[in-house]
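Peer 1: Using the numbering used here, read the sequence shown as starting at 1365 and increasing by one per residue.
The structure that follows is given in the form of C-alpha cells.
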Amino acid sequence: MSIKGSHTKERRALCGICPAGCWVVVTYDDEGRIDRVRADENSGFGMICKLGVRSPEIVYSQDRLLSPLRRKGPKGGHDFERISWDDAYDLIVTRLNRIKDRYGPEAASIYTGRGSFELAMCDVYQPKGAAVSSASSVLFPFGSPNTMGVGALCYVSFAMIAPHVTMGGMMINMFSDIENADLIVVWGANPATDCPPLDLHRIMKAHDRGAKVVVIDPRRTMMAKIPNAEWVPIRPGTDGALALGMCNVIITEELFDEAFVAQWTRGFDEFASYVQHFRPDVVAGITGIPADTVVSLARRIIDAEGASPVM
C-alpha cells in the first residue's frame, strides 16, 4: 500500500531477507527502481537489519545471476556458459537419474543457498510434519537424505546442533527473558547485526529502563559500545573456561540453589569436582580476563533480580 501524502514514491512492505517479516518502507526513484529500504517507524514491528538496508544491491547487483550457467572447462575451473532454464532442468534431471540408476539415490547430494527466505519451496519439499526445513529438501522425494546448505554456517549450527548437544532442545524452544532482566549478559553474540535485530530492540528497551548490559566478546562490538555497557574482552576460543571458572565461584561460595540442584540435576558432585580445576586465577591465565572480573561476573549473575543471557 502506498503512503498517502508523501512527496516521494514510497510503499509499505515486508522485508524478504529473512522469515521475520519486518515492516519496512521502500522508496523508489522516477524509473521505478528501489532506491532505499528503511524501517517503518509507524509499525509495531518496524525494524530493519544491515542486510535489509542493503537489499537493493541484491536486486541490481552486476554480479546477480539471471540465468543458469554451465561449466565449459574441467572441474575446478571457472569457465562457464549461459544456458536456458529448460536446458538446465533437463541436464539436472538426466544427471540425477543416471546417478540413481548406477549407484542409488543416496549417492546424490545437494548444497543450496538462500537468495531470500520466501518459504514456498519449503512448503513443497519439506517432509510432512517437519517443523524446520528448507528448499534443500528437494532431494528427499528423490530418495536421498543428503541435503546441505548455507544454514550450516548459521541457523543449523547455533539454533539446532549446539542447543541439542548442550541442552537437549532447539533454540526456538528457548527464550531469553530480557524484558524482566536487570542484568543482560551478551556472550559471543552481536544482536546489533542480527537478522532480524529483534533482540537488539529488546535489549535497548531494557537498557533504557535501567538494566545493566555486560558484553563478553573478543571484539568491541556495537553492543559493547552501548552507553554504560561493560565490555569483557576474552581470548578467542576460551569461553568454556570462563563459564567453568564462574561455576567454580558459584559452587565454592555456595551461591547455588541446593534444592533445585537436588531435584533437577544429575552428576552435580562430579561436575563440582571437575570445576575445582578452574579457579579464577587459572581461568585468568587461559582467558586473559582478570581473576577479580571472573569472580565479579559470577556474583553479579547470582545477585541479579533477573539475569538474562543472549548468546
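Here a beta-carbon is modelled for each residue, glycine too, at the ideal position from N, C-alpha and C.
If you're wondering where the values come from, they're calculated on a predicted model, not measured in any experiment.
In chain order, which continuous runs of the beta strand (DSSP E) of length 3 or greater are located wholly inside the region 1557 to 1615?
Peer 2: Fully enclosed beta strand (DSSP E) runs of 3 or longer: 1576 to 1580, 1594 to 1596.
Peer 1: Of all the CB atoms in chain E, is at least one closer than 9 Å to the CB of T1657?
Peer 2: Absent from the structure: chain E. Only one protein chain is present.
Peer 1: Quick check on the DSSP output: what are the complete alpha helix (DSSP H) runs of length 4 or more inside the region 1416 to 1462, in order along the chain?
Peer 2: Here the runs fully enclosed are 1420 to 1424.
Peer 1: Classify L1547 as helix, strand or coil using the three-state DSSP reduction.
Peer 2: Strand at L1547.
Peer 1: Below 9 Å between beta carbons: does that hold for L1606 and I1590?
Peer 2: Not closer than 9 Å, so no.
Peer 1: In angstroms, rounded to a whole number, what distance separates the CA positions of L1517 and E1617?
Peer 2: Using only the alpha carbons, I get a separation of about 39 Å.
Peer 1: Where does I1653 sit, in a helix, a strand or coil, going by DSSP?
Peer 2: Correct three-state label for I1653: coil.
Peer 1: What's the C-alpha gap between N1554 and R1584?
Peer 2: Distance between the alpha carbons of N1554 and R1584 is about 10 Å.
Peer 1: DSSP state of P1469, grouped into three classes?
Peer 2: P1469 falls in the helix class under three-state DSSP.
Peer 1: Is it right to say R1435 is buried, meaning 16 or more other beta carbons lie within 10 angstroms of its own, or is it exposed?
Peer 2: With fewer than 16 other Cβ atoms within 10 Å, it is exposed.
Peer 1: Around the Cβ of F1539, are there at least 16 other Cβ atoms within 10 angstroms (buried) or fewer (exposed)?
Peer 2: Exposed, by the Cβ-count rule.
Peer 1: Would you mind working out which of G1552, V1502, L1547 sits nearest R1573, comparing C-alpha positions?
Peer 2: The candidate whose alpha carbon is nearest that of R1573 is L1547.
Peer 1: Buried or exposed for I1381, going by 16 or more other Cβ atoms inside 10 Å?
Peer 2: With 16 or more Cβ atoms within 10 Å of its Cβ, I1381 is classed as buried.
Peer 1: Just how far apart, CA to CA, sit H1371 and D1404?
Peer 2: With a pLDDT of 46 at H1371, under the threshold of 50, the modelled position of that residue is not reliable, and no figure is offered here.
Peer 1: Going by DSSP, name the residue or residues bridged to V1625.
Peer 2: None, per the DSSP bridge assignment.
Peer 1: Please state if the CB of M1610 and the CB of V1550 are separated by a distance shorter than 9 Å.
Peer 2: Contact: no.
Peer 1: Of all the options Y1424, V1502, R1630, D1427, which has the alpha carbon lying nearest to the alpha carbon of I1456?
Peer 2: The shortest Cα separation from I1456 among Y1424, V1502, R1630, D1427 belongs to V1502.
Peer 1: Whole-angstrom Cβ separation of L1562 and A1671, contact assumed at under 8 Å?
Peer 2: Not quite, the Cβ-Cβ distance comes to about 20 Å (not below 8 Å), so this is no contact.
Peer 1: Just to confirm my understanding: we take V1613, look at its own chain, exclude 5 residues before and 5 after, and list those with CB closer than 6 Å. What are they?
Peer 2: Cβ neighbours of V1613 beyond the five flanking positions: V1659, A1662.
Peer 1: Check I1525 in the structure and name its three-state DSSP category.
Peer 2: In this structure, I1525 counts as helix in the three-state DSSP scheme.
Peer 1: Can you check DSSP and say which residues form a bridge with Y1475?
Peer 2: Answer is M1512, bridged to Y1475.
Peer 1: Per DSSP, I1398 forms a beta bridge with which residues?
Peer 2: Beta-bridge pairing links I1398 to Y1392.
Peer 1: Between the alpha carbons of T1651 and N1406, how many angstroms are there, rounded?
Peer 2: Taking the straight line from one Cα to the other gives about 45 Å.
Peer 1: Using CA coordinates, which residue listed in I1447, P1527, F1522 is at the minimum distance from D1558?
Peer 2: Of the listed residues, the one whose Cα sits closest to D1558 is F1522.
Peer 1: Roughly how many angstroms lie between the CA atoms of R1375 and G1532, to the nearest whole one?
Peer 2: Roughly 43 Å between the two C-alpha positions.
Peer 1: Could you tell me the alpha carbon to alpha carbon distance between T1511 and Y1475, rounded to whole angstroms?
Peer 2: Taking the straight line joining both Cα atoms gives about 6 Å.
Peer 1: Which residues share a DSSP beta bridge with E1676?
Peer 2: The requested residue 1676 is not part of the displayed model; the chain covers only 1365 to 1675.
Peer 1: Does the beta-carbon of F1642 have 16 or more other beta-carbons within 10 angstroms, so that it is buried, or is it exposed?
Peer 2: With 16 or more other Cβ atoms within 10 Å, it is buried.
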